[in-house]
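Below is one structure, written out as structure tokens; the observations come after it.
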């Protein structure tokens, strides 16, 4: 045990108040500081926080960005999301691996670099997205990958890499009330205090704001249930774990001071009577963290956060940023709370719901970043901010990626049709659109009349476009693999089902598919939909089967019309035997 | 709240705070389950107890009972989902009943019997998880873990030791031991601990006690209740002229011929049988190749080498109906235990280091079949129409399914003839 290593871990333990709930934060810092979490540090953390050592290992095994074996000094992840693939991420990664002489996922023998893949990095409109030691770099084409290789070989510290690589500009293409909003330094708070909790809730109800993460639960009801639930502490959590492939609008909102996410959280805190809020920020958005911290500090300094907010005696609310460590399922609110409590992100048994039994068992409002931003606008300007009259249905941020001229963020009236959306972003030769992420709705090009709304084609913000050059089976396979990788593994149907689906998709893609495989996929799909513990398992089999329904050609091209075809590969199965016989002969 | 709920039409009472599962158990109504245990807080992970409650499918072990609730449990729709869950658990781990010490006392096995699971249709994941044999009295065979978390709960809540922990995620989950070395021997687990006694499958078992009660006399070997009704599948048309016999071919691949021996245990009934069937290729008559058109093929044993593949493909080509007979054909069985061992190690153990080997050398003759990296069930190589489980299947099971076929019915194995061991 070196004293140097000791110092790092001790420093983190102090920084996080030796709070066992902060164990994940401590582990993440150790990972970033030392490229893995050392066995000796695990011992120290376990002892200091009075946690069993296995619990620490369990966390490291659960979260994708934590490791207990050394990674390279430059730990690089390419986004494996389909839109990054389409922008050439695989070729870039291959080029980087070749230049550095490494295999994916395995550091070179000098421990210089690891090149690996991860689920969506949220840079979909500016891919291929890459994380280097936790920091995002966009547009990593083969050229940029080669430049990166040169910098890595020269041992150039990340601080000395070209600055412009780290500048993530948000492609905001169409603005509505939210993206046009100006910074409200407390005006929403002042008005919320003036209105009182009943007044704020009534305005949210009048506006008809519903959860923007995709579930669409009425925001006023969530806040109202929470404030009326029992006595004692309450919490506000901003769900900034934007992991749905193809979604990046929360990234832009958090990057935009005028969008008033923090002000919206503060309004929520005042309304429900909470004194503490958390922003659960996904690991991939580390690059936003410092700016957010500064913004929080400025608001504390000017009395918009902390004790006696805006001079109102007894109104106290502060916000802490807590980081994720690589798990899609933590975007589900109860899994997010588990993670916030320093545990593996397994969705809880519901009911009870977090709104009555949330963080540490107390009533908790968990809302999406966008919901808080709109809530701030409504609190400041009244329901008219979100909708002028009953004919309107409010607004929604849509992240558009894939095959179109202008990928980026569009603020659209709820009810905008798919056709209008395609036109807005300049999509031509459209073959398919995936709305709402991998588990969402797959639309064929002719379904332009479908509208983006909770009642028709629902989306938390993801809108991916595929033109005719794309193989839809590839797309479906990417989504199926994504779910198999991100399943938390808690319940049988999802844990085994996602893997079975991924295996069967691979079998079909390899040209070994037959009618029985489709039948079996349909059977597994039904089981997963009916019996899975949470939404991930319930939707994981949807993409491959809807692709089969809507784009049967993509399957037929690789399937013979036979009842049964084995995946069994005799040549591969006897390779080892052949090798031994050759060595012996 | 107290009151009454209705399960499959039967009205039962529930007490304050009870879940649907607890109320059902108290009333003697069986809802299939694996991870539920009356002594522990519900986990809700196995999903076996999924019922349709007031129209929605939810776990009955985590759903609080409410007055007037309508629960639907014992339907073919739900049982077929539960059967698929059992099939998933069987292929996720290595559940080879014939070589498992816990066979006959295994809750997973019992549930699968009752649900009428006679086939393993999904390709095996060939789990290769680490076995921990370090403890003097207790063995941890992780390949058999079904992640019910009963040991986790028992160790934490009853023993107060908190020795077990689920790690990882997705299909890469694991069961870890909380000790300095990560080994069971250093954990302080004792044979009397609840955690050492609660495992529903053969994952945590006690050493030297595996066969104190012989197979055949174990908890679930007695068949007291009837299994749930399953919809029979259909038998392909065999189109016989009146009086024409059904032809049957049999073979053994990577097996022990035990299934054939069991078949012969139908004894004098074979005389009655040959009035209706004639044997084609079979070790019984020593005919070495199949005729062009055989009605029924019975295949014993899994696929372990290239010769097996050839034989199996010949059977499939020749036989209208192919039946996988016995545990090895269905899951790889006992020979599949070698799947976690490298082929070179296997060959060296057999031909070089083995006891009594003279002239030690690994055979390299071109004429010899190559051995495959894994022993596979036959349905991963050819299409299989029906499955006859057991190690071996009882003689009566052979008698039953051949009679079914002779009479033009799809084979439908009754509960009291379904055995995996």
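Chains as they are written, first to last, in the numbering used here: chain A, 23 to 607; chain B, 198 to 618. Beta carbons: idealized from backbone N, C-alpha and C, even for Gly.
Can you look up residue 539 (chain A) in the DSSP assignment and give me helix, strand or coil?
Helix, per DSSP.
List, in chain order, every chain A residue whose beta-carbon is nearer than 7 Å to that of residue 568 (chain B).
What residue 568 (chain B) touches in chain A: 599.
Using the C-alpha atoms, what's the distance from residue 585 (chain B) back to residue 523 (chain B)?
Near 6 Å, if we compare the C-alpha coordinates of residue 585 (chain B) and residue 523 (chain B).
Going along the segment 334-368 of chain B in order, which residues come within less than 7 Å of chain A, judged by CB to CB distance?
If the cut-off is 7 Å between Cβ atoms, the segment 334-368 of chain B has 359, 362, 363, 364, 365, 366, 367, 368 near chain A.
Span of the beta strand (DSSP E) holding residue 342 (chain A)?
Start and end: 340-345.
Looking at the structure shown, is residue 196 (chain A) part of a helix, part of a strand, or coil, going by DSSP?
Three-state result, residue 196 (chain A): strand.
Alpha carbon to alpha carbon, how far is residue 201 (chain A) from residue 396 (chain A)?
Rounded to whole angstroms, residue 201 (chain A) to residue 396 (chain A) spans 10 Å at the Cα level.
Could you check what DSSP says for residue 214 (chain B) in three-state terms: helix, strand or coil?
The answer is coil: DSSP assigns residue 214 (chain B) none of H, G, I, E or B.
If you measure from the beta carbon of residue 560 (chain A) to each beta carbon in chain B, is any gap under 7 Å?
So, not an interface residue.
Output yes if chain B places a C-beta closer than 7 Å to the C-beta of residue 488 (chain A); else output no.
Taking Cβ atoms only, chain B never reaches closer than 7 Å to residue 488 (chain A), which makes this a no.
Taking Cβ to Cβ, would you say residue 243 (chain B) is nearer than 7 Å to residue 345 (chain B)?
Going by C-beta atoms, residue 243 (chain B) is nearer than 7 Å to residue 345 (chain B).
Please go through the segment 426-497 of chain B and give each complete alpha helix (DSSP H) segment of 4 or more residues, from N-terminal end onward.
The segment 426-497 of chain B contains these whole alpha helix (DSSP H) runs: 455-461, 466-470.
Is the CB of residue 259 (chain B) under 7 Å away from at least one CB in chain A?
Closer than 7 Å to some Cβ of chain A, the Cβ of residue 259 (chain B) qualifies, so yes.
With DSSP as the reference, label residue 510 (chain A) as helix, strand or coil.
Coil.
Can you give the Cα-Cα distance for residue 565 (chain B) and residue 84 (chain A), rounded to whole angstroms?
For residue 565 (chain B) and residue 84 (chain A), the distance between alpha carbons rounds to 46 Å.
Does residue 248 (chain B) come out as helix, strand or coil in the three-state DSSP assignment?
In the structure shown, residue 248 (chain B) sits in a strand (DSSP, three-state: E or B).
Do residue 379 (chain B) and residue 451 (chain B) count as a contact pair if the criterion is CB distance below 7 Å?
No, they are not a contact pair.
From residue 247 (chain A) to residue 377 (chain A), what does the alpha carbon distance come to, in whole angstroms?
Cα-Cα distance, rounded: 7 Å.
Is the distance from the Cβ of residue 388 (chain B) to the Cβ of residue 403 (chain B) below 7 Å?
For residue 388 (chain B) and residue 403 (chain B), yes; Cβs fall inside 7 Å.
Leaving out the 5 sequence neighbours to the left and right, which residues in its chain are closer than 6 Å to residue 494 (chain B) when beta-carbon positions are compared?
446, 512, 516, 519.
Among the candidates B:616, B:202, B:525, whose CA atom is the shortest distance from the CA of residue 415 (chain B)?
Nearest option by C-alpha distance: B:616.
Is the shortest distance between the beta-carbon of residue 434 (chain B) and the beta-carbons of chain A less than 7 Å?
No, residue 434 (chain B) lies away from the interface with chain A (no Cβ there is under 7 Å from its Cβ).
Give a single yes or no on whether residue 71 (chain A) has its beta carbon closer than 6 Å to a heavy atom of the ligand GTP.
Looking for the ligand GTP in the displayed structure turns up nothing, as the structure carries no ligands at all.
Taking 7 Å as the cut-off, decide whether the C-beta atoms of residue 448 (chain B) and residue 496 (chain B) are in contact.
Yes, Cβ-Cβ distance for residue 448 (chain B) and residue 496 (chain B) is below 7 Å.
Please decide whether residue 607 (chain A) counts as near chain B, where near means a Cβ-Cβ distance under 7 Å.
Answer yes: the Cβ-Cβ gap between residue 607 (chain A) and chain B drops below 7 Å somewhere.
Could you please tell me which residues of the segment 560-585 of chain B, in chain order, have their CB closer than 8 Å to any CB of chain A?
Here the close residues are 561, 567, 568, 569, 570, 571, 573, 577, 578, 579, 580.
What do you get for residue 167 (chain A), buried or exposed, if any count of 16 or more other CB atoms within 10 angstroms of its CB means buried?
That one is buried.
Under three-state DSSP, which class holds residue 278 (chain A)?
The answer is coil: DSSP assigns residue 278 (chain A) none of H, G, I, E or B.
Which term fits residue 104 (chain A), buried or exposed, when burial requires 16 or more other beta carbons within 10 angstroms of its beta carbon?
Classification of residue 104 (chain A): buried, given that the 10 Å Cβ count is 16 or more.
Just tell me which of A:81, A:256, A:551 has its CA closest to the CA of residue 564 (chain A).
For residue 564 (chain A), the nearest C-alpha among the options comes from A:551.
May I have the straight-line CA-CA distance separating residue 338 (chain B) from residue 331 (chain B), to the nearest angstrom?
In a straight line, the C-alpha of residue 338 (chain B) is about 11 Å away from that of residue 331 (chain B).
By the criterion of Cβ-Cβ separation under 7 Å, what are the contact partners of residue 365 (chain A) in chain B?
By Cβ distance, chain B contributes nothing, its closest Cβ being about 11 Å from residue 365 (chain A), past 7 Å.
Which class does residue 367 (chain B) belong to by DSSP, given the choice of helix, strand or coil?
Of the three classes helix, strand and coil, the one that applies to residue 367 (chain B) here is helix, per DSSP.
Please state whether DSSP places residue 439 (chain A) in a helix, a strand or coil.
Looking at residue 439 (chain A) - three-state DSSP - the assignment turns out to be strand.
Are the beta-carbon atoms belonging to residue 581 (chain B) and residue 533 (chain B) less than 7 Å from one another?
Not in contact: residue 581 (chain B) and residue 533 (chain B) (Cβ atoms no closer than 7 Å).
In angstroms, rounded to a whole number, what distance separates the CA positions of residue 481 (chain A) and residue 474 (chain A)?
Distance between the alpha carbons of residue 481 (chain A) and residue 474 (chain A): 7 Å.
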